[in-house]
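Chains as they are written, first to last, in this note's numbering: chain A, -7 to 280; chain B, 33 to 386; chain C, 3 to 495.
Heads up, the thing below is written out as structure tokens.
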Amino acid sequence: MKTRSVRFPGLPGDLFWLAIWLLGCLLVLLWDAVFLNKPALIRVWTGFGNTLSVAGISLVTALVFSFFLSSGFILARWNGFGKLAAAAELLLSVSRSVPQIIGLLTGFLILTVLVTQEVLTGKAGILTGFGVTVGLVLYYEFSDMLIERARWFEQTDFIAASRTAGIPDFHLLFIEIWWRNSRLHLINKLISGVGSTVFLLCSIDFILSVGLSHSVNAVNFPPTLGSLLAHIDSKQDILAAGLIFSDPSYLAVLFTRHLQGLSVAFLIVFTLACWFKAGISFAERNRL
Amino acid sequence: MRQIFLKHLLLFLSVAGLFFLLWLLTSRLTEYPPETRDAATEKWLQDSLILWQDPLHQAIVADVWDLAGNSPEGDQFVSQMARRKSAETVGEIDRLRRQKSLISTDFPGFLLQFFSFFLLFGVVLAISVWGAETLGLLRFIFKNQQRPAGSAPRPHPVLGFLSLFVLFSPGYLIAYILKPVFPSDSALLIVALGIFTNGTLAVYSQKYLNLLSQEFEKGYIVAARIRNVTDSFSTGRNQPLSWKEIFGIRKQFHGHLLRHGLLNTRRQFRETVRELAAFTITSLIILEMALNIQGRYGYELLRQLLYGNLTDVFVMMAGLFLMVKLTDAVIDLAAFRQDSRYLNQVTEPVEGVK
Amino acid sequence: MTRFSFSVSVSSEGRNLISLSDFTLEPGKITVLFGESGIGKTLLAKTIFGLTDAARLEATVNGETYSSWQQSDRVTSFRKAGFFVLQEPSSQFNPSMTIHEQYREADLARPDFETSILNGLWKSDGWQNLAGLFPQPFRPSGGEKQRFLLAMALKKMAIQDDAGKLSPDSLFILDEPTGSLDNGFRNAFLELLILQHQKQPFTLLLITHDYTLIPWLERHPSGISGSVSWKELSRADSGEHLLSRFDPSDFISWQDQLSPPGRTDGQILAELNSGVICHGRTLTFSSGSEPIGTLALKAGTLTYLKAASGVGKTTVARILMGLYPAENQALTLCGINLSSAGPSVWKRLIWGKKASMAFQLADEALNPLATVRQVFTALHRPELASDDQILRYLTPVFLTSPPKDFLSAQVRFLSGGQKQRLNLMRSLACRPEVLILDEPLNGVDFKTIRIFIRLLSQILSEGTAILLISHNEDIFDRLTLAENRVNLTATSP
């Protein structure tokens, strides 16, 4: 089949890219274990774990929030509650038209205040706060997808035929449309969501570490790949990578001497690329 | 058309109102609660010889306080004083920082930054749209040249890895790598990074390719093939698909099957351009903030955030939102004009028909 | 082996979609191919014509791989000298190019022959107002788009004929060419086709579900019936495809013995006033030439709603089922005044309780990813909760009880006829007092038509009021009394 990996014909392309991602991360871990000092090793891999945890939390937040909003919007529309549907649509429309960076900055501003006021404490609490903030910035993408799926069926006779036959609205929306006909779309959205959350989180953490607030900074926020990249050691490592343009022989020592920054950078980019590729392959395989 | 403007104006006002509410909320939260002061404690506080954060000074003051038989206890008094002194210092810093508000001190400078960011955004968006269309189209043509096997030619693995690395890297990462050879505050670099990195080109060219591929599965393409519309995907001079047309801005392809698909893909891609505009702003702000490029809008936004000048911050955010809304309005107007034509609200005379 | 002998096999992911070892068309003759929808007729024709997507399906023709078949001289000559009119006219036009631009594209660039063909198909010059339009879902209507597509095929025949290249070696394929046409326009097209065929014979494959073509062609004064061969594609219980000769006299004799079932004195169960306004159009009813104040559906009576394609028959059905809001509306159903009822009232009192509707396209009405069992369990009816109950319920439309594993089959893998039967049975599950049937014979074969007509009599005998919408006038005119045939007209301000 076309959507299978060319190199491993038995393996679907999406699983191939996820396997590549896992394998690549494992190789970097092994390399780091051999060449990177222990405190830096712990920092990098804790940061990686934190980043993935935040990505997970943000996807769950986005999913839950969008589920309630979308189902409220669709059921309100089907049942003639125009004002409720219009309110939900306005909320979605506003969310859609605010650039993600504005949403994130606003969210992190509030998060900073909450941490300053000690409303939000502890590593788990702060990471959850990160995740929820990113999730609330991304949720509309999931809502759009869920609503789009329902709209697609609205354009056909499916909904009218099912309702007139006596199928309850909840069953129709949750089971027939979203569960039976949209779960692959949802999985695909989740796969692409991993890339979006990692990119946004790393970027905002990088900026935050440059200095969003005088009372909250990388020291009292749990490390993520973004904040680690902004760390002076990592910056120097990345700058060192640029030296190979003027001194190509420097390549020989680059991957042993400047490992913290390069590992962090590699993990970010590799994660983004592999999950993007996996998303495309998944969509192709399932003809989404 | 009036409805389009009204819709965007309403949305803009809603979001501006939201920012205002957030500003009110955050200014309340960041205010330090006033404490009652009496003359005695005020005297202690004014004493410039006492270093309230120094543990030795704290111990001495606490002992003296207790010896004098004051209440509350010395340790509690010292910690109150230390907290108050710290709050005063922070408050002082905040006051100084607020003096650095760009909008109140240099409004023309703020406008200049805003418009130069707007220009940068316009240039990056325009080139990104063209780039996504062109790269998506090229990949589609390569894929069709391989028909019926259907797989596009693969680049050399090292080249493929490098291009993946660049396309998916956050822009600031590439800027740091290039720093030894390229100054990171160059506008040219920002434009290039805005287009090529952060996944912009990769994601949006893929979206274009998906839309074009979906169009080519529709019935009207088969119907056009039946009429024997040219469907050869050979490229080059004197071939059905010329490079000039592929890399051109308008990409017409008269008499070729691609024209059928492109006309509809372009209409569908409009919605993606909206998304791309918002992402371009995000991408550029991240670049300017992360690279600390002084005198630019993104950096200034970060600086005002750092100083806690929430008025500036929310005005600047509203400025970014205004850009998104303007782009939306332009896209909506273009869509309105195009749709009026395609929905037969504007009819054109047809040659040979009464 | 002749130029038109084919051995075709198409499969997808190991699933056999069509497999015929000998499919032969008689050169210079018209082959009419029947068979229920989804059986593989269109796929067979597209595969022969080189239009199947080789990247997605595994296909072979005459032992050749599909990519080599697509590049073969035979396919090249089919495409050069012939034409293929695909079904579903709405999806065959590019919405971003005018009809005229597409009508004069590539092989059809020559402007001559246009006017006479289009005038013939429209029976007037009404097409001139439509040629400059960008095709949109409702304008031009499905029937008008269909006529433009047929005009393209007729134009290609004329161009080839003019160049002296039209011959029995030229292959033309028309897939459901009359599906969106009422009988008047259908016959106008067939007249033009017969004229061209008699002037210069060519090979024609005509795929259709319209069995009423049989008496029309068999009795045509030109004697064209001598050039027509009737075939039917079906599937054996083993899943194997069978191509057999269809005996036209079977249909003619069956049709001749049809008579109106049910009664005419039943109580009125549904009423909708004439002059109701929906989507900016005023809908009025008449019986014969006399206007009538209401469309009344009586218990045990079949009411046949008639109008040209695109006038708004389905709109009336949707208004009656509370799916379209309408102005100036006076609607009662089973004694309940629903003139201004919202969706919650319809859900609580009507839908799936007192009234239901079998929609035209079973493919859209049913969830393709649900199993047969889930189609019925979704209704949450206690009498359709177990497998045995569902199988027993389905027996009348399958003649025998279907095998148990049929219940686990996903709807998307069923044939068109099976889907249409499920669609009808789902709408009957609530034993409605009022039933609306929108094109119930759409896409079904002769066997299923007979089952449906029998079932219709049974439902009527139970006292159900039925509103029927169908373009199969030759069948349903015989099944209704003149007083129960209601004509619909629509006027726009």
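Quick reminder that beta carbons are idealized off the backbone N, C-alpha and C, glycines included.
{"Check": "Assign serine 74 (chain C) to one of three DSSP states: helix, strand, or coil.", "Outcome": "coil"}
{"Check": "Serine 218 (chain B): which of B:Leu323, B:Ile82, B:Val190 sits nearest, CA to CA?", "Outcome": "B:Leu323"}
{"Check": "Using the Cα positions of glutamine 178 (chain B) and arginine 171 (chain B), report the straight-line distance between them to the nearest angstrom.", "Outcome": "11 Å"}
{"Check": "Alpha helix (DSSP H) containing methionine 348 (chain B): first to last residue?", "Outcome": "342 to 374"}
{"Check": "When DSSP labels each residue in this structure, what does aspartate 308 (chain C) get in the three-state scheme?", "Outcome": "Checking the sequence shown, residue 308 (chain C) turns out to be lysine, not aspartate. Three-state result, lysine 308 (chain C): strand."}
{"Check": "Starting from proline 293 (chain C), follow the beta strand (DSSP E) in both directions and report where the run begins and ends.", "Outcome": "292 to 294"}
{"Check": "Let's test the definition: count the other Cβ atoms within 10 Å of the Cβ of tryptophan 97 (chain B) and tell me whether it reaches 16, buried, or not, exposed.", "Outcome": "buried"}
{"Check": "Write down every uninterrupted run of the beta strand (DSSP E) in the stretch 74 to 134 of chain C whose length is 3 residues or greater and which is fully enclosed by it, in chain order.", "Outcome": "85 to 87"}
{"Check": "Less than 8 Å separating the beta-carbons of leucine 439 (chain C) and isoleucine 477 (chain C)?", "Outcome": "no"}
{"Check": "Have a look at the DSSP bridge pairing and note the partners of leucine 176 (chain C).", "Outcome": "C:Val87, C:Leu208"}
{"Check": "Using the C-alpha atoms, what's the distance from serine 219 (chain A) back to valine 208 (chain A)?", "Outcome": "For valine 208 (chain A), the predicted structure reports a pLDDT of 49, less than 50, and the residue's modelled location is therefore unreliable. A value from the coordinates is still provided. Rounded to the nearest angstrom, the two C-alpha atoms are 12 Å apart."}
{"Check": "Within the continuous alpha helix (DSSP H) that includes phenylalanine 8 (chain A), where are the two ends?", "Outcome": "5 to 27"}
{"Check": "To which residues does DSSP link asparagine 189 (chain C) through a beta bridge?", "Outcome": "According to DSSP, which records beta bridges pairwise, asparagine 189 (chain C) is partnered with nothing at all."}
{"Check": "Which runs of the alpha helix (DSSP H) spanning at least 4 residues fall entirely within the stretch 340 to 397 of chain C, listed in chain order?", "Outcome": "364 to 367, 374 to 379"}
{"Check": "What first and last residue would you give for the beta strand (DSSP E) that runs through aspartate 440 (chain C)?", "Outcome": "436 to 440"}
{"Check": "List the residues of chain A that glycine 418 (chain C) touches, going by C-beta distances under 9 Å, in chain order.", "Outcome": "Ordered by position in chain A, no residue passes the 9 Å Cβ test against glycine 418 (chain C), which lies about 15 Å from the chain."}
{"Check": "Inspect the beta-carbon positions of serine 237 (chain B) and glycine 168 (chain B) and report whether they are closer than 8 Å.", "Outcome": "yes"}
{"Check": "Would glycine 2 (chain A) pass as an interface residue toward chain C - the criterion being a Cβ-Cβ separation below 8 Å?", "Outcome": "no"}
{"Check": "How is histidine 89 (chain B) classed by DSSP in three states: helix, strand or coil?", "Outcome": "helix"}
{"Check": "Going by Cα to Cα distance, which pick from C:Gln412, C:Lys349, C:Asp212, C:Gln89 is closest to histidine 473 (chain C)?", "Outcome": "C:Asp212"}
{"Check": "Three-state secondary structure (DSSP) at leucine 284 (chain B)?", "Outcome": "This sequence places glutamine at residue 284 (chain B); leucine is not what is there. Here glutamine 284 (chain B) sits in coil by DSSP."}
{"Check": "At the level of alpha carbons, what is the spacing between glycine 295 (chain C) and asparagine 489 (chain C)?", "Outcome": "12 Å"}
{"Check": "Is the stretch 40 to 59 of chain C close to the stretch 137 to 149 of chain C, with three or more CB pairs under 8 Å?", "Outcome": "no"}
{"Check": "Checking contacts by CB at 8 Å: is histidine 163 (chain A) closer than that to chain C?", "Outcome": "yes"}
{"Check": "Please state whether DSSP places isoleucine 82 (chain B) in a helix, a strand or coil.", "Outcome": "coil"}
{"Check": "Does the stretch 251 to 264 of chain B come close enough to the stretch 300 to 316 of chain B to have 3 or more Cβ pairs within less than 8 Å?", "Outcome": "no"}
{"Check": "Can the beta-carbon of phenylalanine 150 (chain A) be found closer than 8 Å to that of asparagine 369 (chain C)?", "Outcome": "yes"}
{"Check": "Do you know offhand how far isoleucine 167 (chain A)'s Cα is from alanine 372 (chain C)'s?", "Outcome": "10 Å"}
{"Check": "Could you give the DSSP three-state label for phenylalanine 25 (chain C): helix, strand or coil?", "Outcome": "strand"}
{"Check": "Report the residue ranges of all beta strand (DSSP E) runs contained in full by the stretch 227 to 300 of chain C; include only those spanning at least 3 residues, in chain order.", "Outcome": "230 to 237, 243 to 247, 270 to 275, 278 to 280, 283 to 289, 292 to 294, 296 to 300"}
{"Check": "Could you have a look at isoleucine 468 (chain C) and say whether DSSP puts it in helix, strand or coil?", "Outcome": "strand"}
{"Check": "Consider the Cβ of proline 370 (chain C): report whether some Cβ of chain B lies at a distance smaller than 8 Å.", "Outcome": "no"}
{"Check": "What three-state label does DSSP hand glutamate 249 (chain B) in the structure shown?", "Outcome": "coil"}
{"Check": "Assign histidine 292 (chain B) to buried or exposed, taking buried as 16 or more other Cβ atoms, counted over all protein chains shown, within 10 Å of its Cβ.", "Outcome": "buried"}
{"Check": "Starting from the N-terminal side, write out each stretch of the alpha helix (DSSP H) that is 4 residues or longer and does not extend beyond the stretch 160 to 206 of chain B.", "Outcome": "189 to 200"}
{"Check": "Closest Cβ-Cβ distance between serine 182 (chain C) and chain B: below 8 Å?", "Outcome": "no"}
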